[in-house]
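Residue numbers (my numbering), protein chains in the order written: chain R, 1 to 225; chain W, 226 to 646.
Glycine included, C-beta positions come from ideal geometry on N, C-alpha and C.
Keep in mind it's a predicted model, so treat the numbers as computed, not measured.
In structure tokens form, the structure reads like this:
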């Protein structure tokens, strides 16, 4: 099984107001098609780790490989390209652009990648929205949707470039029970039917229990995985 | 593909905040409009004032200067060739005021491509007889049509018809000040005395008003023939040849050349009226300074609004970056927002500047000194419009530069995590 993401001895310090080590020598691997959840108490460093893995946070020690390529020493523009092509993101908040329609929101990373023509990207975006059951809302503006719907649009957006891995930072944290369940079912479907690699940070143990693998963190260290 | 996408995003951000965009654009519009109007008005006024003198001044005047002969007999003598010769109290003698062989000179000038037109002139000193009192003055004998073509003579004839000067024998157009002094109406006959003592009666066919009061109190015009008759001279008697060139800046050079070729004295317009150019230049500098100041102020407005927009759009910028837009892309988005405001604001500014100019151009403006001017003068030089739009783009570019850089440096992690806590 091929390794999608590899972390080697990742450490990180916060310097403000006093130096605190939030990640201590974290190493692990994620294989293609795995559905992994990261759990741990608030402040244990799980979100910090996720942002380092996402290449958005570059201030760390250790090495990160995505698809076998080292992320250290890459320029800001190159990292942006990696995020665009290989990583799909789902945040706790939906973070849709209110200036655009739902469809356009989903299309944006695809247009940015420029691998397909605009028509193709639009077609693909509609496809993703259909899979997530919100294709009826495609032409509404982003701010006209409910919270649960917005999160599904965000997932569609994360999927548009067929990323290597989808990362989620508490994707159900801001949703009610019913919508959490819908989002969770979507993740499950993606993992098992589409063999999508997923790395989800959560504090919802029930959610974590049903994933393939649980990485548990405490005080900046992995205590079980 | 990517540029198109970035422009669509920029456009969406602009449209989403259309009120702010509008305010920013109005700032640019206002300053460009003022820039255009101010420069147009200022330059129009400059042209008017310069025209007062320049329109009526020949680019080159050829004449015989009253001066001592530079070739004194002692210099020609072989005996004193190697000596320094000092001659005291040399007086001009035998100099003819008239231009010798003037017909041939005029023909030669008319064949010169650099020459726009030629007008001969005869200046005669006279006394105007007002009852028992004599007023000294000057009668300018002119070729009426040539004078009108080169020096817009009819613009200054405020009463009567200028062409009557040619059609009516023994006629005169009096300066307004002079006519008032002589209580002469159009159709009246006035009497003048020549320096030789001859008395001649001339019919008043019009008044002229040059805008220079002193000038109007002493000068008057008659046709060349009348002036020649007045002085008892033949019809080839002319004292000045006035030349207008197609390119005024050549005047000093061409003047020197003619002086040598025709063996006459030449006076060019630059030497005669150097103070006018200085005045125009200073006035232009002031207008540009004010215009540019306005633009810079508008630039600060754009800077503020873009800064505000960036604070409001932090989330959007963060998400764009998280989904793979680089800092450079974000930079271009905000620069193009700034330039769009600059371009459309500037364009509206050009249009409103033009409209404002047209309005000013139609505001009545009557002054005794300027008989031909009925409304405020405006210069519609396209140069100002080009400068205006270029400047609006440059200022908005610089106004957008710093906010755009700030936006490109936004750390998405800080924004996204900041929201969770």
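For residue 213 (chain R), the closest C-alpha among the options R:202, R:219, R:11 is that of R:202. Between the segment 331-344 of chain W and the segment 449-469 of chain W, the count of C-beta pairs closer than 8 Å reaches three or more; the two stretches touch. Annotated as proximal: residue 582 (chain W) and residue 265 (chain W), with beta-carbon spacing under 8 Å. Annotation for residue 61 (chain R): the continuous beta strand (DSSP E) segment containing it runs 61-66. The Cβ of residue 561 (chain W) sits no closer than 8 Å to any Cβ of chain R. In its chain, beyond the 5 residues on either side, 96, 129, 134, 137, 138, 139, 140, 141, 142, 145, 153 have a beta carbon closer than 8 Å to the beta carbon of residue 102 (chain R).
Listed in chain order, the positions of the segment 46-64 of chain R with a beta carbon within less than 8 Å of a beta carbon of chain W are 47, 51, 54, 56, 57. Excluding sequence positions up to five before and after residue 225 (chain R), its CB lies within less than 8 Å of the CB of 28, 213, 214, 215, 216, all in the same chain and listed in chain order.
For residue 216 (chain R), not one C-beta of chain W is nearer than 8 Å to its own C-beta. Of all residues in the segment 521-540 of chain W, the ones placed with a Cβ closer than 7 Å to any Cβ belonging to chain R are 540, in chain order. Judged by pairs of C-beta atoms under 8 Å, the segment 384-404 of chain W touches the segment 414-433 of chain W, as three or more such pairs exist. Between residue 559 (chain W) and residue 628 (chain W), the CB-CB gap stays under 8 Å. Setting aside the 5 residues that flank it on each side, residue 402 (chain W) is surrounded in the same chain by 438, 441, 442, each with a C-beta closer than 7 Å to its C-beta; the list follows chain order. Listed in chain order, the non-local C-beta contacts of residue 195 (chain R) below 7 Å within the same chain comprise 33, local neighbours out to five positions each way being set aside. Contact annotation: residue 573 (chain W) and residue 250 (chain W) have beta-carbon atoms nearer than 8 Å. Closest in alpha carbon position to residue 257 (chain W), among W:514, W:542, W:639, W:561, is W:514.
The DSSP-derived three-state label of residue 216 (chain R) is strand.
Residue 207 (chain R) has a beta carbon lying at 8 Å or more from every beta carbon in chain W. Residue-level contact check: residue 112 (chain R) touches chain W, since one or more beta carbons of chain W fall below 8 Å from its beta carbon. If you look at residue 491 (chain W), you'll find it in the beta strand (DSSP E) that goes 490-493. Interface annotation, residue 14 (chain R): not in contact with chain W, CB-CB separation never under 8 Å. Here residue 37 (chain R) has 200, 202, 208, 211, 214 as same chain residues with Cβ atoms under 6 Å from its own Cβ, once five neighbours each way along the sequence are excluded. What residue 77 (chain R) touches in chain W, judged by beta-carbon distance under 7 Å, is 551, 553, going in chain order. Under the Cβ distance rule, residue 235 (chain W) does not count among the residues neighbouring chain R, no pair being separated by less than 8 Å. Sequence-distant partners of residue 252 (chain W) (beyond 5 residues in either direction) whose C-beta falls short of 6 Å from its own C-beta, in its chain, are 523, 526. Cβ contact annotation for residue 330 (chain W) (same chain, cutoff 6 Å, sequence separation greater than five): 487, in chain order.
Under the three-state reduction of DSSP output, residue 559 (chain W) falls in the helix class.
Nearest CB-CB separation between residue 630 (chain W) and chain R: not below the 8 Å threshold.
With contacts defined by Cβ atoms closer than 8 Å, residue 268 (chain W) and residue 551 (chain W) do not form a contacting pair. As computed with DSSP, residue 20 (chain R) is found in a beta bridge with R:14. Contact fails between the segment 598-617 of chain W and the segment 291-311 of chain W, because fewer than three Cβ pairs, one in each stretch, are under 8 Å apart. Neighbours of residue 125 (chain R) in chain W, taken as residues whose beta carbon is under 9 Å from its own, are absent, since the nearest beta carbon is some 13 Å off.
Under the DSSP assignment, residue 447 (chain W) falls in the beta strand (DSSP E) whose first and last residues are 444-448. Here residue 445 (chain W) is near residue 362 (chain W), since their CB atoms are less than 8 Å apart. Using a Cβ-Cβ cut-off of 8 Å, residue 84 (chain R) counts as an interface residue toward chain W, since at least one Cβ of chain W sits closer than that to its own. With a minimum length of 3 residues, the unbroken runs of beta strand (DSSP E) contained wholly in the segment 395-479 of chain W fall at 396-400, 414-418, 424-433, 444-448, 465-470.
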